[in-house]
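Q:
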Amino acid sequence: MEEEKRALPQSLIETVNQIASISDYRCTVKKQYCNLARKLKLLTPMFEEIRDSKEDIPEETVRALVSLKEALGSAKELLRFGSEGSKIYVAIEREKIMNKYHEVTAQLERALCGISYESLDISDEVKEQVELVLSQFRRAKGRVDTPDVELYEDLLSLYNKNNDSADPTVLRRLSEKLQLTGIGDLTQESLALHEMVAATGGDPEEVIEKMSMLLKQIKDFVQTENPNMEGPARENDVPLGGGVLVSPGGNHKAPVIPDDFRCPISLELMKDPVIVSTGQVYAMTF
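Residue 166 in UniProt numbering is what sits at position 166 of the sequence shown, and the numbering runs on without skipping anything.
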């Protein structure tokens, strides 16, 4: 138990370092997420001084630091999704994501408030720095930043349509604002949506299906505007929803059966046919 207590500050340092390594936040949350990551990095000197101190950490402070570790874990997952998650999802569900952001910052504030800094062997300079972080959390509480209304309305205009017709001007704005202007960008977005489908157990919700179709519209527009665009390795193909490969020229190739449809033991295809969200039917035969 004593060993775990001494290892706690180092684990907090490692978590903050992992947070510091996250970058390239989605445009719709970039300002808030960058600010949060910056505040959390300011806590590192406190953790280092606690780690290097020869004095025992009071039990009450240990419990507070454990709560802070949990809060930092929540912050890390939030920030990671803001960096690696679907750009379309983050933009459409911005309100939900910002609610989660405020929940996490409130959790961090509570954890920091629970620490008895006077009982810790840390310098006055570090105490002042932590107080600064706390005051910033308090000032930001309930603050609502104005979202990009045009981006949101453009997304909804396509999201709620049931046909393939879309204003090229709208598609251009979306591809530029969401930074989906190249084959690499489109591939990463497709993979992000695929991970969301996998998280649902292969049974995607309607919202994910609609976002997949929206991505297809943006992809088709980008490839029409840039017919000579070069893609990544492996024949310049772009994986899209439903396991379909599309070349930069827009020509559909044979469906690629995802590994999810293979037996996890034998790796052979399963017998029963499976219909994925795009309507593509895979005949599962041995």
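Virtual Cβ for every residue (Gly too), placed ideally from N, Cα, C.
So, for S175: in the same chain, excluding its five sequence neighbours on each side, which residues have a beta-carbon less than 7 Å away from its beta-carbon?
A: The residues are T181, I218, F221, V222.
Q: From this set, K100, K30, S165, E118, which residue's C-alpha is nearest K141's C-alpha?
A: Selected option, being the one with the closest Cα: K100.
Q: Please state whether the Cβ-Cβ distance between L43 and V130 is less than 8 Å.
A: Yes, they are a contact pair.
Q: Taking the runs of the alpha helix (DSSP H) that are 4 residues or longer, which of them lie wholly in the segment 16 to 58?
A: Runs of the alpha helix (DSSP H) inside the segment 16 to 58: 30 to 41, 44 to 52.
Q: Considering only residues of the same chain and omitting the five flanking positions on each side of T28, which have a CB-CB separation below 6 Å?
A: Excluding sequence neighbours, T28 sits near V90, A91, R94.
Q: Using the Cα positions of T224 and R172, report the straight-line distance between them to the nearest angstrom.
A: Going from the Cα of T224 to the Cα of R172 covers about 11 Å.
Q: Between P9, A20, R26, L134, which lies nearest to L178 when the distance is taken from Cα to Cα?
A: That would be R26, whose Cα lies nearest to the Cα of L178.
Q: Between the Cα of V126 and those of E14, M46, L12, spot the shortest distance and give me the residue it belongs to.
A: With distances taken between Cα atoms, V126 lies closest to M46.
Q: What are the boundary residues of the alpha helix (DSSP H) that includes S157?
A: Segment 149 to 159, the alpha helix (DSSP H) holding S157.
Q: Per the contact definition of three or more C-beta pairs closer than 8 Å, is the segment 1 to 20 in contact with the segment 69 to 76?
A: Judged by Cβ distances under 8 Å, the segment 69 to 76 makes contact with the segment 1 to 20, as three or more pairs qualify.
Q: Output needed for K31: all residues of its chain with C-beta closer than 8 Å, excluding positions within five of it in sequence on either side, in chain order.
A: Hits under 8 Å: D145.
Q: Once DSSP output is grouped into helix, strand and coil, what is the label at S83?
A: DSSP places S83 in helix when its eight states are reduced to three.
Q: Exposed or buried, what is G201 when buried is set at 16 or more other beta-carbons lying within 10 Å of its beta-carbon?
A: When all chains shown are included, G201 counts as exposed.
Q: Could you tell me whether the Cβ atoms of I22 and L79 are closer together than 8 Å?
A: Yes, these two residues count as a Cβ contact at 8 Å.
Q: Write down the C-beta distance between E189 and I88 rounded to the nearest angstrom, noting that I regard them as a contact closer than 8 Å.
A: E189 to I88, Cβ: 7 Å. Contact.
Q: My understanding is that residue 315 touches S67, with C-beta atoms under 8 Å, so please give their C-beta distance in whole angstroms.
A: One cannot answer for residue 315 here, as it falls past the ends of the chain, which runs 1 to 286.
Q: Leaving aside the five residues before and after residue 287 along the sequence, list all residues of the same chain whose C-beta is less than 7 Å from its C-beta, in chain order.
A: Summary: the structure shown does not reach residue 287, with the chain confined to residues 1 through 286, and so no result is reported for it.
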